[in-house]
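Worksheet for the structure shown next.
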Amino acid sequence: MARRAAAAARLLRRLGPLASEPPVRGIPHTQYEFASRTVSSCRRFHWIPSLQRPPHGPRTNVETYEGKHSANMASEVQKRTFGSAATHIQRNPAYSELNSDDVSYFKSILGDNGVVQDEDRIAVANVDWMGKYRGASQLLLLPKNTTEVSKILSYCNTRRLAVVPQGGNTGLVGGSVPVYDEVIVSLAGMDKIISFDNVNGILTSEAGCVLENLSTFVENEGFIMPLDLGAKGSCQIGGNISTNAGGLRFIRYGSLHGNVLGLEVVLADGTILDMLTTLRKDNTGYDLKHLFIGSLGVVTKISVLTPAKLPATNVAFLSCNDYTSCQKLLLAARRNLGEILSAFEFMDHHCIDLAMRHLEGVQNPLPASQYKFYVLIETTGSDESYDKTKLEAFLLRSMEDGLVSDGVIAQDISQASNFWRIREGISEASVKVGAVYKYDLSIPVEKLYDIVEEMRCRLGDNAEVLGYGHLGDGNLHLNILSSKYDDSTLAQIEPFVYEWTSSQRGSISAEHGLGLMKAEKIHYSKSPEAVQLMASIKKLLDPNSILNPYKVLPQSVL
267 MARRAAAAAR LLRRLGPLAS EPPVRGIPHT QYEFASRTVS SCRRFHWIPS LQRPPHGPRT
327 NVETYEGKHS ANMASEVQKR TFGSAATHIQ RNPAYSELNS DDVSYFKSIL GDNGVVQDED
387 RIAVANVDWM GKYRGASQLL LLPKNTTEVS KILSYCNTRR LAVVPQGGNT GLVGGSVPVY
447 DEVIVSLAGM DKIISFDNVN GILTSEAGCV LENLSTFVEN EGFIMPLDLG AKGSCQIGGN
507 ISTNAGGLRF IRYGSLHGNV LGLEVVLADG TILDMLTTLR KDNTGYDLKH LFIGSLGVVT
567 KISVLTPAKL PATNVAFLSC NDYTSCQKLL LAARRNLGEI LSAFEFMDHH CIDLAMRHLE
627 GVQNPLPASQ YKFYVLIETT GSDESYDKTK LEAFLLRSME DGLVSDGVIA QDISQASNFW
687 RIREGISEAS VKVGAVYKYD LSIPVEKLYD IVEEMRCRLG DNAEVLGYGH LGDGNLHLNI
747 LSSKYDDSTL AQIEPFVYEW TSSQRGSISA EHGLGLMKAE KIHYSKSPEA VQLMASIKKL
807 LDPNSILNPY KVLPQSVL
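Structure below.
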């Protein structure tokens with residue numbers, strides 16, 4: 267009991283005066299200035315009622331076409347073309363090859379600046395940010411509005427030129443880059459905010475808006491985006507919707523299916539489908555927008571419901587001795603924190619070690635001892651005093667019950683940013699090791715960590731296995747790190763990881779999508795009848811299969 271009391275005292279200790287906190291180097295300069303202003307406005311006190319979710323998110327090594335990301339980064343480690351078993355696909359001979367007449371037509375509708383043939387700029391768009399998937403496109407198109415997207419697709423459909431829509435290119439399964447010579451259509455130029463209803467919190471924007479920019483905009487209006495990702499500094503809202511991205515706020519606000527109110531979509535033949543409603547209720551016919559939250563068309567405009575920005579946010583970084591304690595802590599958090607619980611993230615100690623080695627400027631909040639698991643809990647509410655009392659009582663009770671071994675509560679925006687930087691930076695840190703095999707799985711919570719331990723037994727010293735993710739959603743990110751991509755390591759991982767997940771009635775893609783990596787693996791999560799119905803819908807909306815070919819569905823059903 268004395269040990270637990272001491273641990274409780276450590277949990278509530280003040281971590282140092284605000285004035286002595288160094289800048290968090292993981293935050294871009296202008297965002298750190300914003301963070302500093304937030305702290306200054308709060309003055310000095312133990313809890314921080316106006317501490318909002320740190321606005322940086324790790325900017326992964328992804329940038330837009332004019333940014334810092336270089337395709338040369340991909341050559342630093344040995345790469346395998348697709349990085350996953352059974353993804354060696356032949357180019358479909360039914361597709362035409364690009365010629366000078368095609369380029370001339372695109373210039374006639376987009377102008378010279380909207381048609382990119384520069385090899386360096388195209389090289390960036392041809393490769394994903396991990397350097398794992400690489401295409402051979404010869405053309406990058408930059409439309410500025412929906413009409414131009416429509417003309418592009420109508421022409422490509424007639425000519426049977428395959429097309430890859432591209433947002434921020436932050437995906438993890440090869441969905442946003444060409445496989446062969448598909449024409450790349452970037453939505454980056456369609457980045458206007460159209461309107462905001464500050465009574466109902468409804469945002470309408472073009473699809474190329476960067477998520478972080480939208481977050482900043484709505485926060486200034488007193489709201490927040492229902493979606494938050496580590497890559498928010500680069501990813502675009504159209505890509506988020508087209509892949510049905512999940513993220514860090516899922517436990518509180520649910521999926522995009524529940525928050526997207528309307529869409530404007532361009533079909534493969536150029537048809538503009540206007541479903542851009544801002545209505546909360548509309549029970550007329552089929553709700554077609556859900557077909558496009560996760561592929562099937564090019565999203566050009568969106569309307570999304572944004573929750574109110576609540577004034578009191580607190581972040582705790584905790585340690586647990588075993589995975590069972592993590593599960594029990596989640597249950598206790600749901601029961602005792604209830605409506606103020608906004609994030610529940612877990613990491614094993616391998617993740618923390620990786621972050622400390624490869625993320626610049628981060629500090630281990632619990633450096634004194636080595637623990638097996640770590641949990642980040644965030645609460646967001648409207649009453650500072652109530653939330654403070656509720657969280658404090660929950661944490662003390664959890665320590666007394668032995669669920670939590672040690673922990674700290676962020677005392678300012680810098681410390682909260684450090685906590686989140688560790689969690690969000692794991693993916694970024696993993697690619698600095700060399701080769702990384704990433705798996706995004708939905709598994710019943712009680713079984714979620716079993717696959718991590720089994721994979722360690724299979725691989726031994728040949729690779730480092732990490733487990734982390736959104737425990738509140740039953741979503742595991744399984745990362746397997748090696749010095750290089752090779753067939754022998756891959757054969758140890760696949761198809762075992764998919765077979766194991768299927769045996770638990772889990773999903774082989776919780777939030778990353780199927781893309782190219784898992785298109786041929788969909789049968790591990792979906793029945794043949796369901797896959798066939800999906801193929802029928804795809805054929806109806808894209809009969810020539812020009813839109814992002816080789817992705818999502820097996821080639822055999824198309």
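With my numbering applied, the sequence shown corresponds to residues 267 to 824, in that order. Note that the Cβ used here is the ideal one computed from N, Cα and C, for glycine as well. Bear in mind the structure is a predicted one, so any value in this text is a computation, not a measurement.
| Item | Value |
| --- | --- |
| Closest by C-alpha distance to ARG601, when choosing among LEU576, THR537, LEU657 | LEU657 |
| Coarse secondary structure for THR572, derived from DSSP in three states | coil |
| Local conformation of CYS533 per DSSP, three classes | Here the sequence assigns Leu to residue 533, which means Cys is not the residue at that position. LEU533: coil per DSSP, three-state reduction. |
| The stretch 469 to 480 touching the stretch 558 to 572, judged by at least three CB pairs closer than 8 Å | yes |
| Beta-carbon separation (whole angstroms), LEU603 vs THR645, contact threshold 8 Å | 6 Å |
| Limits of the beta strand (DSSP E) - the one that MET613 falls within | 607 to 614 |
| Spatially closest choice to PHE483 from LEU495, GLY496, LEU661, ASN464, by CA coordinates | ASN464 |
| Buried or exposed (CB count within 10 angstroms, at least 16 for buried), LYS787 | buried |
| Identified DSSP bridge partners for CYS586 | PHE639 |
| Rounded distance between the beta-carbons of GLU611 and VAL641, thought under 8 Å | 7 Å |
| Cβ distance (whole Å) where GLN427 is taken to contact ASP368 below 8 Å | This sequence places Leu at residue 427; Gln is not what is there. About 7 Å separates the two Cβ atoms, so the contact holds. |
| Outcome for CYS723 when other beta-carbon atoms lying within 10 angstroms are tallied against a minimum of 16 | exposed |
| Outcome for GLY499 when other beta-carbon atoms lying within 10 angstroms are tallied against a minimum of 16 | buried |
| Per-residue burial, LYS458 [other beta carbons within 10 Å of its own, 16 or more giving buried] | exposed |
| Test item: CB-CB of CYS475 and ILE503 under 7 Å | yes |
| Local Cβ density within 10 Å of LEU607, reported as buried at 16 or more and exposed below that | buried |
| Rounded separation between LEU453 and SER635 - CA only | 47 Å |
| Euclidean distance between Cα positions of THR424 and SER362 | 10 Å |
| Test item: CB-CB of ASP540 and GLY513 under 7 Å | no |
| When TYR790, PHE372, HIS789, LEU824 are compared against ILE803, the one with the closest alpha-carbon | LEU824 |
| DSSP three-state assignment for ALA701, whether helix, strand or coil | strand |
| Buried versus exposed call for THR550 [16 or more other C-beta atoms within 10 Å across all chains shown] | exposed |
| ILE460: first and last residue of the uninterrupted beta strand (DSSP E) it sits in | 459 to 463 |
| Three-state class that DSSP yields for ASN486 in the structure shown | helix |
| Alpha-carbon to alpha-carbon, ASP653 and VAL449 | 52 Å |
| Continuous beta strand (DSSP E) stretch holding GLY513: start and end | No beta strand (DSSP E) holds GLY513; DSSP gives it neither H nor E. |
| Contact the stretch 667 to 674 vs the stretch 701 to 717: 3+ CB pairs below 8 Å | no |
| Contacting residues, own chain, Cβ-Cβ under 8 Å from LEU545 (five flanking each side not counted) | LEU527, GLY528 |
| Whole-angstrom distance between SER648 and LEU576, CA atom to CA atom | 5 Å |
| Residues of its chain near GLY536, where Cβ-Cβ distance is below 6 Å and the 5 sequence neighbours each way are ignored | SER416, LEU419, SER420 |
| Paired residues, beta bridge with TYR734 - DSSP | MET613, HIS743 |
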